[in-house]
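>
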Amino acid sequence: MKKVIYLLMMCAGVLLSSCEKDEIGGTATEALAGEWTVTVDAVDGSGNVVEEDFFGLGRVMLNTYNTAANLPTEMYVDDLGNFWEYKVKVQSDVNTLTFATSGAATNEVGDTINVTIDGGKILPGAATTPHGTPADSIVYYVSFSDDEYPAQYGYAKYKVSGYRYTGLAVDD
Numbered sequence: 001m002k003k004v005i006y007l008l009m010m011c012a013g014v015l016l017s018s019c020e021k022d023e024i025g026g027t028a029t030e031a032l033a034g035e036w037t038v039t040v041d042a043v044d045g046s047g048n049v050v051e052e053d054f055f056g057l058g059r060v061m062l063n064t065y066n067t068a069a070n071l072p073t074e075m076y077v078d079d080l081g082n083f084w085e086y087k088v089k090v091q092s093d094v095n096t097l098t099f100a101t102s103g104a105a106t107n108e109v110g111d112t113i114n115v116t117i118d119g120g121k122i123l124p125g126a127a128t129t130p131h132g133t134p135a136d137s138i139v140y141y142v143s144f145s146d147d148e149y150p151a152q153y154g155y156a157k158y159k160v161s162g163y164r165y166t167g168l169a170v171d172d
């Protein structure tokens, strides 16, 4: 009988110790990473909007995410082919929630072009979604080496701005 009780206590001990939950860690750029709903406006050199939604795209999806190295100093900005088809590695600062390319960066998808991103920042709780709730905001300026529109239409670059995707149908 002692052996049975001992065996049951041992099994219970093993069972209880195996129920510990492992702490799931995030990525190094977790504060900057996300799926975003954005609009793209044409702006002059000072960042003033020259033409809203220049290409008539409306709201498009965009992702920001960590690199394979998982460093807090770099991440990807990827428009998923929804605007210019670009994916570039940017320098990031998770403490100030900012990001930018160091000069022109080579596009990693689609056409081999240079992409420049500057003034990128995440503003926690600064956006309002279409249904009225607060969400994180993203804003940055982008230009492309193969873009002939700025010279033709009198603007300098594009302002990409929007809010963190909520997944709610009322925000789509």
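Using the numbering used here, the letters of the sequence shown correspond one by one to residues 1 to 172.
Just so it is clear, CB atoms sit at the ideal spot from N, CA and C, and this is done for glycine as well.
If you're wondering where the values come from, they're calculated on a predicted model, not measured in any experiment.
Considering P150, what are the terminal residues of the alpha helix (DSSP H) in which it resides?
149-153
> Label Y158 either buried or exposed according to how many other C-beta atoms from any shown protein chain fall within 10 Å of its C-beta, with 16 as the threshold for buried.
buried
> Under three-state DSSP, which class holds I113?
coil
> Would you say V94 and T29 are within 8 Å of each other, going by their C-beta atoms?
yes
> Cβ atoms of T64 and L97: under 8 Å apart, would you say?
no
> Have a look at V60 and G81 and give me their C-alpha separation to the nearest angstrom.
V60 and G81: Cα-Cα distance of roughly 10 Å.
> Answer with buried or exposed for M75, where buried requires no fewer than 16 other C-beta atoms within 10 angstroms of its C-beta.
In the assembly as shown, M75 is a buried residue. Its beta-carbon has 16 or more other beta-carbons within 10 Å.
> Mapping the DSSP letters down to three states, classify A100 as helix, strand or coil.
strand
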